[in-house]
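Colleague:
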Amino acid sequence: MRPGTPGSGTITATVNGIQATSRITVLADTTPPDASPPIVRFIVGDQLGATVPAHVSWGAARDVGLGVAGYELQGNSDGAGWATIPSGSLLNRYARPALARSGTYRFAVRASDKAGNVGGFATGSSFRVADEEEVSAV
75 MRPGTPGSGT
85 ITATVNGIQA
95 TSRITVLADT
105 TPPDASPPIV
115 RFIVGDQLGA
125 TVPAHVSWGA
135 ARDVGLGVAG
145 YELQGNSDGA
155 GWATIPSGSL
165 LNRYARPALA
175 RSGTYRFAVR
185 ASDKAGNVGG
195 FATGSSFRVA
205 DEEEVSAV
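Numbers in our numbering are just positions in the sequence shown, counted from 1, shifted up by 74.
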């Protein structure tokens, strides 16, 4: 039986001249990981211009099987549809997108595990980035 392959088998071990045999059953990992919604922060002191740098992060996903293999972050701008946001590597739990002013945004993340299961998206709250005129009028 290959490691991680569902099925049954027998294990025999000998320690200090004592031998024991046990029958085992390996179950398939069919449970997808459960991700947490992303949180968006704006960093004090970041340079502002036509875009606003944001820090999007999320907590570690929960997986009861073989463990998390990676995350997928998606963003939605002004309700125009979802697009994948690069985060550098599959196991990163943050991204630093530049957000255009006067836009309404929403981010969602999902996790996949080492067995190939893909969880559902956990979606954060939507928010609006003010344009320069709105900020200077305050």
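All residues carry an ideal CB built from backbone N, CA and C; glycine is no exception.
Model, not experiment: these values are computed from the prediction.
1) With burial defined as no fewer than 16 other Cβ atoms inside 10 Å of the residue's Cβ, what is the status of F181: buried or exposed?
2) What separation, rounded to the nearest whole angstrom, lies between the Cα atoms of G155 and Y179?
3) If you compare alpha carbons, which of D152, P171 and G153 is closest to S161?
4) Using 8 Å for Cβ pairs, my map puts A185 next to Y145. What's the rounded Cβ distance?
5) Out of G141, T84, T197 and V89, point me to the one whose CA is closest to L165's CA.
6) Helix, strand or coil for Q121, going by three-state DSSP, please let me know.
7) Buried or exposed for S187, going by 16 or more other Cβ atoms inside 10 Å?
8) Out of A174, D205, T105 and N191, state which residue places its alpha-carbon closest to the alpha-carbon of A128.
9) According to DSSP, simplified to helix, strand and coil, what is N150?
10) Have a look at the DSSP bridge pairing and note the partners of V89.
11) Spatial neighbours of D108 within its chain, please: C-beta separation below 7 Å, excluding the five flanking residues on both sides.
12) Return the chain-ordered list of same chain residues with a C-beta closer than 6 Å to the C-beta of V212, the five sequence neighbours on each side being excluded.
13) What's the C-alpha gap between F195 and D120?
14) Between which residues of its own chain and S96 is the CB-CB distance below 6 Å, once the five residues before and five after are set aside?
15) So what's F181 in DSSP terms, helix, strand or just coil?
Modeller: Quick look at the numbers:
1) Looking at its Cβ environment, which holds 16 or more other Cβ atoms inside 10 Å, F181 is buried.
2) Each residue's alpha carbon lies about 11 Å from the other.
3) Measuring from the Cα of S161, the nearest candidate turns out to be P171.
4) At roughly 5 Å, the Cβ-Cβ gap stays under 8 Å, so A185 and Y145 are in contact.
5) It is G141.
6) Looking at Q121 - three-state DSSP - the assignment turns out to be coil, as it is neither helix nor strand.
7) In the sequence under discussion, the amino acid at residue 187 is Asp, which differs from the Ser named in the question. When all chains shown are included, D187 counts as buried.
8) Nearest C-alpha to A128 among A174, D205, T105 and N191: A174.
9) It is a strand residue.
10) Paired residue(s): I92.
11) Excluding residues up to 5 positions away in sequence, A135, R136 and G193 lie with their Cβ nearer than 7 Å to the Cβ of D108 in the same chain.
12) Unreliable positioning characterises V212 in this predicted model, as indicated by a pLDDT of 41, which lies under 50. The coordinate reading is nonetheless provided below. Only residues of its own chain outside the window of five on either side were considered, and among them none has a CB closer than 6 Å to the CB of V212.
13) Just so you know, the alpha carbons of F195 and D120 end up roughly 29 Å apart.
14) Setting aside the 5 residues that flank it on each side, S96 is surrounded in the same chain by I85, each with a C-beta closer than 6 Å to its C-beta; the list follows chain order.
15) In the three-state DSSP reduction, F181 falls in the strand class (E or B).
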